[in-house]
Ligand code: SF4
């Protein structure tokens, strides 16, 4: 779709809105495209009006949004942007006949709006109503956003300015899943990289621990993800976790999570090591319990192996267990997804995360053109999941969206009361800094409302291992962030 701007230069916001509302469209800027949108902004310091005229597949639509502007220059800029997005949404509603589940909300955190409203003193009911009436969010999604926002606010209460979460990444997997674009290496093909990688990671963990002690930071949640951390041997895992515990004071860390994503990497020996190191939460991620779907996504394990892994996990006695499912996988059907969820509900996990398939650049689904269920089928899967989980005493506690999701739906973490994964809420709602160790790690520095910076570790295990100076540079930025905060208070 050709985009034309008048009176503003909010290219990114409009492009993102276009791709979120009409996922098959890409922005263009040359004449000749039969589909177009002219997005105009008028007004001054105190009031603005946005008008979008759109033509889509021969149908015309116009959307308008106007409001008084209030607050700081930064706040007013956000309000203008919001009006442009709203006018674009209204024009697309008429021209393209769309009724997206999240209405005009296009960001990755649709519950952010609910947090703002609740913070302003609105009740949960009033917040849900505003999401439906002002942002055109469907009633079920408005409820989801409000419920997860309430949990965010509750967990935020318990965090101080020097509290952080710690992440360690193990970028190796047994095979590459068809939907994945993560820079994970097959452990069989990259076997020789694992030991040097671990040595570099342990060095990073040690220096990160020293830095946190000097800065007086408290680790409140630890998360080891990947990749698949349980591709490490029991001995390698023991060594890494020992280094972690020697390097950091974990006495205030209420949560210790390790992903055991692929059931074919789980063994009683590894679980014994995890338990001995105080792991409180483990995540076994079948994604589906259907063998045909597991084959289609290249997982190289069967549903029977998931049952075995869950039995071993139950025998090891972790306080909390998560299972991940994905709605919309290649070769899956609404009936298959229902069976998968119903089976997971019998396996003793107190956390079930229901993702919606997101199409990632470079994933085999796109490169090999794998067949995926249409958005209507994904909607049926999610329509089943919500009431089924509620009936089994699970409630939603965190929520996020990604680009190019089937049907523009969402990912939701569900859990039994008191089993919330703190790390997931902290990172999604940007409640505290996340210090990430390992290849591809993304460190977020959060210093109060509106103050956030990021640094990224090198992506690939080999370059991460060979260039420790990048880690030192990132840690220097992290330390300076906290020292500047001290100076500012
Ligand atoms: S297990 Fe996770 S990180 Fe590894 S290939 Fe599959 S989706 Fe990617």
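Numbering (this note's numbering), first residue to last: 22 to 510.
Glycine included, every Cβ here is placed at the ideal spot set by N, Cα and C.
Keep in mind that this is a model prediction, so the values were computed, not measured.
For residue i, verify whether its CB is less than 7 Å away from any heavy atom of the ligand SF4.
i, result
"residue 274", "no"
"residue 198", "yes"
"residue 194", "yes"
"residue 349", "no"
"residue 437", "no"
"residue 511", "Only positions 22 to 510 of the chain appear in this structure, which leaves residue 511 out of reach."
"residue 201", "yes"
"residue 517", "Nothing in the structure corresponds to residue 517, since the chain is present only between 22 and 510."
"residue 283", "yes"
To which residues of the same chain is residue i closer than 6 Å at the C-beta, ignoring the five residues directly before and after it?
i, result
"residue 59", "25, 74"
"residue 157", "124, 125"
"residue 339", "303"
"residue 312", "323, 324"
"residue 359", "405"
"residue 495", "476"
"residue 363", "none"
"residue 398", "355"
"residue 281", "251, 287, 303, 305"
"residue 230", "268, 269"
Under 7 Å Cβ to Cβ from residue i, same chain only, skipping five residues before and after it: list those, please.
i, result
"residue 64", "70"
"residue 37", "127"
"residue 105", "29, 31, 34, 35, 60, 62, 71"
"residue 322", "283, 284, 285, 315"
"residue 41", "127, 429"
"residue 177", "452"
"residue 149", "163, 164, 167"
"residue 279", "245, 250, 295, 300, 303"
"residue 159", "122"
"residue 444", "186, 242, 244, 276, 278"
Less than 8 Å between C-beta atoms, sequence neighbours within five positions excluded: which residues of the same chain meet that for residue i?
i, result
"residue 333", "287, 288, 289, 292"
"residue 488", "479"
"residue 43", "22, 77, 113, 117, 119"
"residue 475", "463, 464, 465, 466"
"residue 383", "202"
"residue 438", "414, 416"
"residue 493", "228"
"residue 174", "136, 139, 140"
"residue 88", "68, 69, 100, 104"
"residue 310", "324, 327, 360, 361, 364, 365"
**Request:** Tell me, please, whether the region 345-361 touches the region 414-425 by the rule of three or more beta-carbon pairs shorter than 8 Å.
**Result:** no
**Request:** Go through the region 395-435 residue by residue and report every complete run of the beta strand (DSSP E) that reaches 3 residues or more, in order.
**Result:** 416-421
**Message:** Using 8 Å as the cut-off, can you tell me whether the region 165-184 makes contact with the region 211-226, which would need three or more C-beta pairs spanning the two stretches below that distance?
**Reply:** no
**Prompt:** Pairing CB atoms from the region 424-437 with CB atoms from the region 464-476, are three or more of them under 8 Å?
**Reply:** no
**Message:** Whether or not the region 115-130 and the region 80-88 are in contact is what I'm after, with contact meaning three or more pairs of Cβ atoms, one per stretch, closer than 8 Å; do they touch?
**Reply:** yes
**Message:** If contact is defined by three or more beta carbon pairs under 8 Å, each pair taking one atom from either stretch, is the region 179-192 in contact with the region 138-155?
**Reply:** no
**Prompt:** Is there contact here, the region 186-199 with the region 247-261, by at least three beta-carbon pairs under 8 Å?
**Reply:** yes
**Uninterrupted beta strand (DSSP E) stretches inside the region 75-113 (no shorter than 3 residues)** = 80-89
**Item:** Three or more C-beta pairs below 8 Å linking the region 247-256 and the region 290-306
**Value:** yes
**Asked** Where are the beta strand (DSSP E) runs, 3 residues long or more, that stay fully inside the region 209-261, in chain order?
**Response** 239-247
**Message:** I'd like the ranges of any beta strand (DSSP E) spanning at least 3 consecutive residues and lying wholly in the region 341-388.
**Reply:** 341-348, 372-377
**Prompt:** What beta strand (DSSP E) runs, 3 residues minimum, are completely inside the region 164-213?
**Reply:** If we require 3 residues or more, the beta strand (DSSP E) runs fully inside the region 164-213 come out as 184-191.
**Request:** Just list the beta strand (DSSP E) runs in the region 269-319, keeping only unbroken ones of 3 residues or longer that don't cross its boundaries, in chain order.
**Result:** 276-280, 302-308
**Prompt:** Hey, is the region 91-103 in contact with the region 383-392, meaning 3+ C-beta pairs nearer than 8 Å?
**Reply:** The region 91-103 vs the region 383-392: no contact.
**Request:** Output the residue ranges of the alpha helix (DSSP H) runs that lie fully inside the region 432-459 and measure 4 residues or longer, sorted by chain position.
**Result:** 443-449
**Prompt:** Touch check for the region 268-281 and the region 234-243: three-plus C-beta pairs under 8 Å?
**Reply:** yes
**Message:** To test your reading of the DSSP string, which unbroken alpha helix (DSSP H) runs of 4 or more residues are found completely within the region 22-56?
**Reply:** 32-42
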